[in-house]
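Here the structure is laid out as structure tokens; the discussion comes afterwards.
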Amino acid sequence: DVKVTQSSRYLVKRTGEKVFLECVQDMDHENMFWYRQDPGLGLRLIYFSYDVKMKEKGDIPEGYSVSREKKERFSLILESASTNQTSMYLCASSLTGYTSYEQYFGPGTRLTVT
Amino acid sequence: QKEVEQNSGPLSVPEGAIASLNCTYSDRGSQSFFWYRQYSGKSPELIMFIYSNGDKEDGRFTAQLNKASQYVSLLIRDSQPSDSATYLCAAFTGGGNKLTFGTGTQLKVEL
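Protein chains in written order, with my numbering: chain A, 0 to 113; chain B, 2 to 112.
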């Protein structure tokens, strides 16, 4: 059974704090993704990684960084949290393929920055 | 310009009816398409995917793809209140290893 886990379901941080969100998958997937989801804006890709130590910017990378030291783990870092980073953060993973490219999502982390 | 478009809804259907959810895409290079269901406060859950023109059926769900017209649809037969959720359409273009998501259609199945 596919399993993607995220370190926290709910997180409250103060403005200026450094925030770490962690994602772990147990499916040996090559690709991992970080999204944020806001009402009316849908899912927006922040960063993704297609291999260990490899990363690519998504549509909204500003204010974020990522780390992938092991295949199963992908971390999202908010260097200095701001109130406009209050959002639902979703991690996903997938295999690499031509037709079978389904992404599986973790439960999400609802981050509030005060 | 949005690459994957969905009507935000809400789409209301009575219990037992067929719900029809539509999605259009702008990139003709898109190769495969995915439908996700998302309950309020939860993460998206994959329902099915399709990459060939025509219909693909899985239980009460049927995905339809028309590449010439650049649209994808999801039909839900015998709709149940438990089908009430937001349905996300996503397209894979084969480059960049990523999916492009629509903003989702909210479906309400009424008793």
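Glycine included, each C-beta is placed from N, C-alpha and C at the ideal position.
Under 7 Å by beta carbon: chain B residues contacting residue i
i	result
residue 101/A	35, 47, 50
residue 75/A	Going along chain B, no residue has its Cβ under 7 Å from residue 75/A, so there is no contact; the nearest lies around 15 Å.
Cβ neighbour criterion (16 or more within 10 Å) applied to residue i
i	result
residue 99/B	buried
residue 4/A	exposed
residue 34/B	buried
residue 7/B	buried
residue 19/A	exposed
residue 36/A	buried
residue 106/B	buried
residue 45/B	buried
residue 8/A	exposed
residue 31/A	buried
residue 58/B	exposed
residue 81/B	exposed
residue 69/B	exposed
residue 107/A	buried
residue 41/B	exposed
residue 116/A	No statement about residue 116/A is possible, as the shown extent of chain A runs from 0 to 113 and does not include it.
residue 11/A	exposed
residue 44/A	buried
Chain-ordered chain A contacts of residue i [CB-CB under 7 Å]
i	result
residue 44/B	89, 104, 105, 106, 107
Contacts of residue i in chain E (Cβ-Cβ under 9 Å)
i	result
residue 25/B	Structure shown: chain E not included; protein chains present are A and B.
Within chain A, the residues that residue i reaches when beta carbons sit closer than 9 Å
i	result
residue 62/B	Per Cβ cutoff of 9 Å: no residues; residue 62/B is ~15 Å from chain A at best.
8 Å CB neighbourhood of residue i in its chain, flanking five on each side removed
i	result
residue 17/A	76, 77, 78, 79, 80
residue 82/A	14, 112, 113
Proximal chain A residues relative to residue i, where beta-carbon distance stays under 8 Å
i	result
residue 105/B	41
Proximal residues of chain B, C-beta to C-beta of residue i below 8 Å
i	result
residue 94/A	The premise fails here: residue 94/A is roughly 10 Å from chain B at the closest Cβ pair, so nothing lies under 8 Å.
Close-in-space but distant-in-sequence residues of the same chain around residue i (CB under 6 Å, 5 per side omitted)
i	result
residue 6/A	21
residue 109/A	9, 87
Chain B residues whose Cβ lies nearer than 9 Å to that of residue i
i	result
residue 44/A	99, 100, 101, 102
7 Å Cβ shell around residue i - same chain, five flanking residues per side excluded
i	result
residue 48/B	36, 37, 38, 62
residue 79/B	17, 61
residue 50/A	29
residue 100/A	93
Q. Would the segment 84–104 of chain A and the segment 12–24 of chain B be scored as touching if the rule is three or more Cβ pairs under 8 Å?
A. no
Q: Could you name each continuous beta strand (DSSP E) segment of 3 residues or more that falls completely within the segment 4–32 of chain B, going from the start of the chain to the end?
A: 12–15, 20–26
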